[in-house]
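Worksheet for the structure shown next.
Protein chains: 2
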Amino acid sequence: MLSASAKTVARLSLYRRILTDCAARGVRSIYSHELAQTLQITATQVRRDLMVVGFSGSPNKGYDVEALLGSISTVLDRAGGEQVALVGVGNLGRAILSYFQGRYANLNVAAAFDQDPALHGRLIHGLTIQPMTKLSEVVAANGIYTAILTVPASEAQRVVEELIRAGIRGILNFAPLTLRVPEHIYIRTVDIAMKLETVAFFARQDAAREVYEA
Amino acid sequence: MLSASAKTVARLSLYRRILTDCAARGVRSIYSHELAQTLQITATQVRRDLMVVGFSGSPNKGYDVEALLGSISTVLDRAGGEQVALVGVGNLGRAILSYFQGRYANLNVAAAFDQDPALHGRLIHGLTIQPMTKLSEVVAANGIYTAILTVPASEAQRVVEELIRAGIRGILNFAPLTLRVPEHIYIRTVDIAMKLETVAFFARQDAAREVYEA
DNA sequence: ACTAAGTCGTGAAACCGTTCACGATGTGAA
DNA sequence: TTCACATCGTGAACGGTTTCACGACTTAGT
Numbered sequence: 002m003l004s005a006s007a008k009t010v011a012r013l014s015l016y017r018r019i020l021t022d023c024a025a026r027g028v029r030s031i032y033s034h035e036l037a038q039t040l041q042i043t044a045t046q047v048r049r050d051l052m053v054v055g056f057s058g059s060p061n062k063g064y065d066v067e068a069l070l071g072s073i074s075t076v077l078d079r080a081g082g083e084q085v086a087l088v089g090v091g092n093l094g095r096a097i098l099s100y101f102q103g104r105y106a107n108l109n110v111a112a113a114f115d116q117d118p119a120l121h122g123r124l125i126h127g128l129t130i131q132p133m134t135k136l137s138e139v140v141a142a143n144g145i146y147t148a149i150l151t152v153p154a155s156e157a158q159r160v161v162e163e164l165i166r167a168g169i170r171g172i173l174n175f176a177p178l179t180l181r182v183p184e185h186i187y188i189r190t191v192d193i194a195m196k197l198e199t200v201a202f203f204a205r206q207d208a209a210r211e212v213y214e215a
Numbered sequence: 002m003l004s005a006s007a008k009t010v011a012r013l014s015l016y017r018r019i020l021t022d023c024a025a026r027g028v029r030s031i032y033s034h035e036l037a038q039t040l041q042i043t044a045t046q047v048r049r050d051l052m053v054v055g056f057s058g059s060p061n062k063g064y065d066v067e068a069l070l071g072s073i074s075t076v077l078d079r080a081g082g083e084q085v086a087l088v089g090v091g092n093l094g095r096a097i098l099s100y101f102q103g104r105y106a107n108l109n110v111a112a113a114f115d116q117d118p119a120l121h122g123r124l125i126h127g128l129t130i131q132p133m134t135k136l137s138e139v140v141a142a143n144g145i146y147t148a149i150l151t152v153p154a155s156e157a158q159r160v161v162e163e164l165i166r167a168g169i170r171g172i173l174n175f176a177p178l179t180l181r182v183p184e185h186i187y188i189r190t191v192d193i194a195m196k197l198e199t200v201a202f203f204a205r206q207d208a209a210r211e212v213y214e215a
């Protein structure tokens, strides 16, 4: 069993994206410093990460693009492709559905749910919106264990409990609050307002610094 | 000049959200461990962060909610409210516009831009979409230095250069690539596909662990 | 007034992730 | 073949963040 940190896994995903692009352009091999430069990290970092997946390059040719792609995919991908459920088909949910529409070969939003009866049965970005009551059934039938949660903050805790009951073990949450989940559930929250506030803060600091240093 | 790390600033934003809620419910004071529990971090972490903003509580009453709110807001907020531009009014851009619509008193999306002439002049979620050529003018006129970038990956690097030329110093990027920006520009990328892949990876690991440990 | 209980503020330690530094390795040129 | 060179793999050092541990403080109860 491979033990990689969340940061390493995240970077592996980014390496793969670059490698896929390289492969498409016919590039056969790549050096750690090339990958590093594209992502604006250090070459050592890249080599460390690849060490984690147990991949070796050659001191002269660097890394074989196809082989590395395969190696990373073995680590990141689920056989048969990762099937994901999206819960909460509001504006953000739709945007995400649209974004994933056939974009990634191994990462597919396979079902979409909403509690609003007005949406049930409607076809949105290629998926028929289903009622929450179908959750367990669909999740089990499709071998889904990962969900994208795009419901209002007020609903999120309740819905997350439904998800877990239905067998979901990994959740990407967009509701701006900290959800309570059992130990064995992996959950990451993307808090856009918080991120934006952070960006604004540092943009302002830089402005101030310029002023003071002038 | 206050020197806080990005992580601390991010948490301050979250503390404030909780405190705002407390204030609305009439709660007068709060202990570090209460804030900690809500965010699922440690009480020490909370106290450290508040140390950074120079706020003191009392050993018996904890922190005064109103006073702490004011203190954090002094650090995070820009006088008159933060004005932000959104560039790229596709599905995700619209979802974000809709989300910020009057939701935060001190954080306002003040202008939206797109390169598509078909969108120019159209009113979407309360904003009239403007052509990119208006960027400099509008940014200068509204004192904007922060932007949300929701354009396709293929356009992102070009657009980010336009933003910087127009005076933007902080960028929240949703395009799935690493953008090249000068030293003094603060940029954060939210890469949804990468995040989802990470979540799926760990959800799968946990599943495997359960199986092996059983 | 004194004690017990609970929280705050913070120096020091621990932890994790990144970077440095360098030996090992493979390749091409003389 | 041998040398010069560039990159790889990795133990050790480093730096930033979190957590521990504990003295200081405040209040309530006796």
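Read top to bottom, the protein sequences are chains A and B.
Here the first sequence is numbered in our numbering, starting from 2 and rising by one per residue.
Here the second sequence is numbered in our numbering, starting from 2 and rising by one per residue.
Cβ atoms here follow ideal geometry from the backbone N, Cα and C, with glycine treated the same way.
- Residues of chain B whose Cβ lies closer than 9 Å to the Cβ of residue 99 of chain A are, in chain order, 91, 92, 93.
- Going by beta carbons, residue 24 of chain B and residue 53 of chain B fall outside the 7 Å limit.
- Considering only beta carbons, no part of the region 51 to 64 of chain B lies closer than 8 Å to chain A.
- Counting the other Cβ atoms within 10 Å of the Cβ of residue 177 of chain B gives 16 or more, which makes it buried.
- Between residue 89 of chain A and residue 151 of chain A, the C-beta gap is smaller than 7 Å, which places the two residues in contact.
- Apart from the 5 residues on each side of it in sequence, residue 38 of chain A has no Cβ closer than 7 Å to any other Cβ in its chain.
- Taking a beta-carbon distance threshold of 7 Å, residue 133 of chain B does not count as an interface residue toward chain A.
- No Cβ of chain A is located within less than 7 Å of the beta carbon of residue 152 of chain B.
- When 8 Å is used as the limit between beta carbons, residue 40 of chain B is near these residues of chain A: 179, in chain order.
- Here residue 204 of chain A is not near residue 58 of chain B, since their CB atoms are 7 Å or more apart.
- Proximity of chain A to residue 203 of chain B at the Cβ level (cut-off 9 Å) is accounted for by 7, 10, 170, 171, 187, 189, in chain order.
- In terms of Cβ geometry, residue 206 of chain A and residue 179 of chain B do not form a close pair [threshold 7 Å].
- Cβ contact annotation for residue 187 of chain B (same chain, cutoff 8 Å, sequence separation greater than five): 170, 171, 172, in chain order.
- In the structure shown, the three-state DSSP call for residue 92 of chain B is helix.
- Taking 7 Å as the threshold, the shortest C-beta distance from residue 162 of chain A to chain B does not fall below it.
- Minimum Cα-Cα distance from residue 161 of chain B among the listed residues B:87, B:9, B:101 corresponds to B:87.
- Fully contained in the region 126 to 199 of chain A are the following beta strand (DSSP E) runs of length 3 or more, in chain order: 128 to 131, 147 to 150, 171 to 174, 187 to 190.
- Residue 82 of chain B and residue 61 of chain B have their C-alpha atoms roughly 34 Å apart.
- Of the candidates B:91, B:99, B:12, B:12 places its Cα closest to the Cα of residue 77 of chain B.
- The beta carbons of residue 84 of chain A and residue 143 of chain A sit closer together than 7 Å.
- Put simply, the region 91 to 108 of chain A touches the region 191 to 199 of chain B. At least three CB pairs are less than 8 Å apart.
- Residues of the same chain with a CB within less than 7 Å of the CB of residue 14 of chain B, apart from the 5 flanking positions on each side, are 77 in chain order.
- Residue 165 of chain A and residue 136 of chain A have their C-alpha atoms spaced approximately 10 Å apart.
- With a threshold of 7 Å between beta carbons, residue 138 of chain A makes no contact with chain B.
- For residue 110 of chain B, there is no enclosing alpha helix (DSSP H); the residue is part of the beta strand (DSSP E) that begins and ends at 108 to 114.
- When only Cα atoms are considered, residue 17 of chain B and residue 202 of chain A end up about 14 Å apart.
- Among the bridge pairs identified by DSSP, residue 105 of chain B is matched with B:108.
- Interface residue (Cβ-Cβ distance to chain B less than 7 Å): residue 147 of chain A is classified as such.
- Shown here for residue 27 of chain B: not one same chain residue has a beta carbon closer than 8 Å to its own, the five before and five after excluded.
- DSSP places residue 64 of chain B within a strand segment (E or B) once states are collapsed to three.
- The DSSP-derived three-state label of residue 38 of chain A is helix.
- Each of B:145, B:117, B:168 was checked against the Cα of residue 80 of chain B, and the nearest Cα belongs to B:145.
- Nearest in C-alpha terms to residue 118 of chain B, of all of B:131, B:68, B:124, B:63, is B:131.
- For residue 16 of chain B, the enclosing alpha helix (DSSP H) has its first and last residue at 7 to 25.
- Chain order gives the chain B residues near residue 105 of chain A as 194, where near means a beta carbon separation below 7 Å.
- Rounded to whole angstroms, the gap between the alpha carbons of residue 126 of chain B and residue 110 of chain B is 10 Å.
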